[in-house]
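Take a look at the structure below.
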Amino acid sequence: MRLTIYIVRRLLFAFLLMVGVSLIIFFLVNAVGDPIELMMAETPGVSAETIERMKVHYGLDQDPLTRYFIWLGKLLSLDFGTSIIYNQPVGSLIATWGWQTFKIQVPAILIALAIAIFVGTTAARRQHSRTDFAVMSGALLGQSLPAFFLGILLILIFSYTFDVLPSYGAYSTRGYLWGSVVADGLWHMVLPVAMLAFFNTATLTLLMRSNMVDVLKLDFIAAARASGIPERRVVYRHALRVAVIPVLTYLGLLVGLMLGTAPVTETVFTWPGLGYLYVTAIHQLDYPIIMGASMVIAAMLIAATTLTDIAYVLIDPRIRLE
Amino acid sequence: MHQANISRPITDPLTTSPSSIASAGLSRAPLSTGERAQVGGLVSAGEATEPLVHVDNLRIHFPPRRAPIRVVEGVSYSVARGETLGIVGESGSGKTLSSLAILRLLPRPAQIAGGRIVFEGEDLAAKSDEEMRRLRGKRIAMVFQNPGFSLHPLMTIGAQLSEILAVHERLARKDADARVEELLRLVGISDPGARIRQYPHELSGGMKQRVCIARALLCNPSLVLADEPTTSLDVTIQAQILELFEELKARFRMSMIFVTHDMGVVARIADRIAVMYAGQICETADASTIFSDPQHPYTRALLGSTPRVDQRSTRASGFRLPTIGGSGPTIMQQGDGCRFATRCPEAGPECARLAPLPLAVGPRHIVHCLKRGSAGEANHA
Ligand SMILES: Nc1ncnc2c1ncn2[C@@H]1O[C@H](COP(=O)(O)OP(=O)(O)OP(=O)(O)O)[C@@H](O)[C@H]1O
Ligand code: SF4
Ligand SMILES: [Mg+2]
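Below, the structure is given as structure tokens:
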């Protein structure tokens, strides 16, 4: 029961957070200035009447607070407005471009998690060995390498020099690989996913290793060994369960970090994802997209941390009762 | 199978002398192997026949190899079937490491640098890792010092205990659950059916230690290593856990190595006592002899500052080892002589140079002290 109460409370908190975020986004964007005037400033010769008509068209003649509530009401019915540049509903734009982001981020995180668990655990089991040293140095190096730098390196090697992997877009513009859309899509995912996975793996491996080193020293591990439980089981069942908790917590943060860096990473590969959409929208002052995408990214961040918190409680029964 | 062992008829150790068993055997038809084994177990409880476990000149070192830290240096003892050996010594004297060495579970980088451990007639060093694993928890089990840390925090009590059964015995799930509950009841846990669904943090310290004891007894081991099982508990809980050990000992005649630094505790539970100082054994004797006729200066110092242990006080005294003159043992800077020399009131000039060898000063009473007639050895390593 306490668990249910906790979850309800946590969801309520997430909702309040979203409301706060929406306020900030709305009034921050508003503070930049009147979008129509900003846009028209670059196109001289537009009459004041036209500008006035456009303001009425976009509802910009009303006072900010009314506009905020209108905007919020539309948001609740998932109406994000219409993009000025694309002349398309922002909601469907976010959905299609967001799916492309999801397509590379989720596999990258899952691959990184799997590698980190295995490699980090192996290194921890042989603390101070050569293997451990190699893992540590590799991970530290990987961590200090900026993601976009690695991306450019990958493009140089695999696209430019050897020309085996595409570095541009989510699909081929002419003729799919082996004539299959699926194969072509996967082929285009390789480099972006590799870059994101590499970046995540380094951090997660270091975290996994240090947790594992600590957990393997605990008494209940010695007790499990003293009970004759096979070593693999001791490590991968008993120790891992405890050592992975901080890693999972970090995963919530990582999702945020990945979304935050998506504009950069997607620009490197000209990947038609949410981050790329965001960057182009900012360049062209497409307000509905900027506000809609900001709201979606904030919602995803808050969802990630909320889910992490809830998962954390589900995994660890000690917290359940507090 | 296990049922038979748990509820096997308990022969009162006080009324059944070895001779009465022997005569009973004579008047009957030749014993089956099983019967012989059981009678053998009972006989050796009173006599020093083939010991259950024999530790001979055990040495444990920490690297560096060229100048190792010799944390355990030449420890020898035996435990007969049905007997409890109490190992007493200050913190850091190497009690835990020498117990873990029996299981071949020394924490890295500690290594067994010499000596032999013979368990049920087999040299444990000769066993493969897999053979050792199958022995742990099944034939030799351990109870750790701090029950708060020695149970998995994220697994239910039932899951932890039945996993061990699954590893060692082929039991149907229902039978395994029944056995777990049976053992929990045996160690004094009420309503075991509900407890198995609980997590360690839902139990009190004393309860947790009972669970750990049940875990050790799950597969009916022939030897239980209890490493300061009462030290981390409240005084009243200490007394209860100690009582439980006494009860189990009397009921199953289990063999035990009971490590503690509390003379009051060891007085209650041990048949024989080995006193350890800085990685070496000072004196080994039957419990009554240690209290009535302590020979080693360190034993005497311990007893001198232990109130009323000579009366074998029934109170589980909660205090740690008494403060005796000088600072605690520093294993790091051990020279060649007697390790107790820096604090020994009787130390002479030879003590700093010569390491005392064991000398039997009485029946089953071994002392390592130059001033008690032990020969000295110039270079122990
Ligand atoms: N990694 C290590 N390197 C060097 N020395 C160590 C290491 N680990 C333990 N020791 C030393 O080994 C000695 C024996 O340790 P052990 O844990 O067996 O003592 P103990 O008698 O069980 O003490 P306590 O009563 O505190 O449990 C201690 O003096 C300790 O300092
Ligand atoms: S050998 Fe010497 S120093 Fe050691 S206990 Fe005996 S008298 Fe004391
Ligand atoms: Mg210890």
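Chains as they are written, first to last, in my numbering: chain A, 1 to 322; chain B, 323 to 703. No residue lacks a Cβ here, since even glycine has one placed at the ideal position from N, Cα and C.
By DSSP, does residue i sit in helix, in strand, or in coil?
i        : result
Met464/B : strand
Tyr333/A : Given a span of 1 to 322 for chain A in the structure shown, any question on residue 333/A remains unanswerable.
Tyr312/A : helix
Ala402/B : coil
Pro317/A : helix
Cys534/B : helix
Leu285/A : coil
Leu380/B : strand
His57/A  : helix
Tyr236/A : helix
Gln62/A  : coil
Glu485/B : helix
Arg438/B : strand
Ser472/B : coil
Gln617/B : coil
Met477/B : coil
Glu412/B : coil
Ile302/A : helix
Arg694/B : helix
Ser683/B : The sequence given here places Val at residue 683/B; Ser does not occur at that position. In this structure, Val683/B counts as strand in the three-state DSSP scheme.
Cys660/B : coil
Cys673/B : helix
Met598/B : strand
I'd like to confirm something about residue i: is its beta-carbon nearer than 7 Å to some heavy atom of ligand 3, or not?
i        : result
Glu550/B : yes
Lys449/B : no
Thr418/B : yes
Gln602/B : no
Gln467/B : yes
Can you tell me whether residue i sits near ligand 1, meaning its C-beta is under 7 Å from at least one heavy atom of the ligand?
i        : result
Phe471/B : no
Val377/B : no
Phe384/B : yes
Val393/B : yes
His687/B : no
Ser413/B : yes
His583/B : yes
Leaving out five residues before and five after residue i in sequence, what residues of the same chain have Cβ atoms less than 7 Å from its Cβ?
i        : result
Glu491/B : Cys541
Ala413/B : Looking at the sequence itself, residue 413/B is Ser, so the reference to Ala does not match. Correct list, in chain order: His583.
Thr261/A : Ala147
Thr621/B : Val597, Cys604, Glu605, Ile612
For residue i, which residues of its own chain have a beta-carbon under 6 Å away from its beta-carbon, when the five flanking residues on both sides are left out?
i        : result
Lys693/B : Glu668
Glu550/B : Gln467, Val581, Thr582
Asn379/B : Gly396, Ser398, Gly437
Taking 7 Å as the cut-off, is the beta-carbon of residue i closer than that to any non-hydrogen atom of ligand 2?
i        : result
His618/B : yes
Phe669/B : A small fix is needed here, since residue 669/B is Ala in this sequence, not Phe. Indeed, a heavy atom of ligand 2 lies less than 7 Å from the Cβ.
Leu681/B : no
Lys530/B : no
Pro678/B : yes
Leu624/B : no
Ala663/B : yes
Leu692/B : yes
Cys534/B : no
Thinking just about the alpha-carbon of each residue, which of the options is nearest to the one in residue i?
i        : options                                : result
Glu699/B : Val689/B, Ala663/B, Arg519/B, Arg675/B : Arg675/B
Ile85/A  : Ile221/A, Val193/A, His283/A           : His283/A
Ser398/B : His383/B, Val375/B, Arg388/B           : Val375/B
Asp316/A : Thr265/A, Leu240/A, Leu253/A           : Leu240/A
Met195/A : Leu285/A, Ser129/A, Met136/A, Leu150/A : Leu150/A
Leu506/B : Val557/B, Arg517/B, Leu555/B           : Arg517/B
Ala427/B : Ala463/B, Ile511/B, Glu395/B           : The question names Ala, yet the displayed sequence has Leu at residue 427/B. Ranking the options by Cα distance to Leu427/B, first place goes to Ala463/B.
Gly142/A : Pro35/A, Val90/A, Pro166/A, Thr205/A   : Thr205/A
Gly20/A  : Met295/A, Gln62/A, His57/A             : Met295/A
Looking only at its chain, what residues have a beta carbon closer than 8 Å to the beta carbon of residue i, apart from the 5 residues adjacent to it on each side?
i        : result
Glu322/A : Model confidence at Glu322/A stands at a pLDDT of 47, short of 50, so the residue's coordinates are unreliable; what they give is reported in the following sentence. No residues qualify anywhere along the chain.
Pro390/B : His383, Phe384, Ala435
Under 7 Å from any heavy atom of ligand 4, does the C-beta of residue i make it?
i        : result
Cys541/B : This structure does not include ligand 4; its bound ligands are ligand 1, ligand 2 and ligand 3.
If contact means a Cβ-Cβ distance below 7 Å, which residues of the region 476-505 of chain B contact chain A? The residues in question are Leu476, Glu485, Ile486, Val489, His490.
Using a Cβ-Cβ cutoff of 9 Å, what residues of the region 240-266 of chain A are near chain B? List them in chain order. Arg241, Val242, Ile245
Mind listing which residues of the region 422-454 of chain B have their C-beta closer than 7 Å to chain A's C-betas, in chain order? Leu425, Leu427
Select from the region 214-237 of chain A all residues with a C-beta closer than 9 Å to any C-beta belonging to chain B, and list them in chain order. Closer than 9 Å at the C-beta level to chain B, one finds these residues of the region 214-237 of chain A: Lys217, Leu218, Asp219, Phe220, Ile221, Ala222, Ala223, Ala224, Arg225, Ala226, Ser227, Gly228, Ile229, Pro230, Glu231, Arg233, Arg237.
Report the residues of the region 593-615 of chain B with a CB closer than 8 Å to any CB of chain A, ordered along the chain. Cβ proximity to chain A below 8 Å picks out nothing from the region 593-615 of chain B.
Contact set between the region 155-184 of chain A and chain B, restricted to residues whose Cβ is under 9 Å from the partner: Within the region 155-184 of chain A, not one residue has a Cβ closer than 9 Å to any Cβ of chain B.
Which residues, taken in chain order from the region 530-563 of chain B, show a beta carbon closer than 9 Å to some beta carbon of chain A? Cys534, Arg537, Ala538, Leu540, Cys541, Leu547
Could you list the residues in the region 83-99 of chain A with a C-beta less than 7 Å from some C-beta on chain B, going in chain order? none
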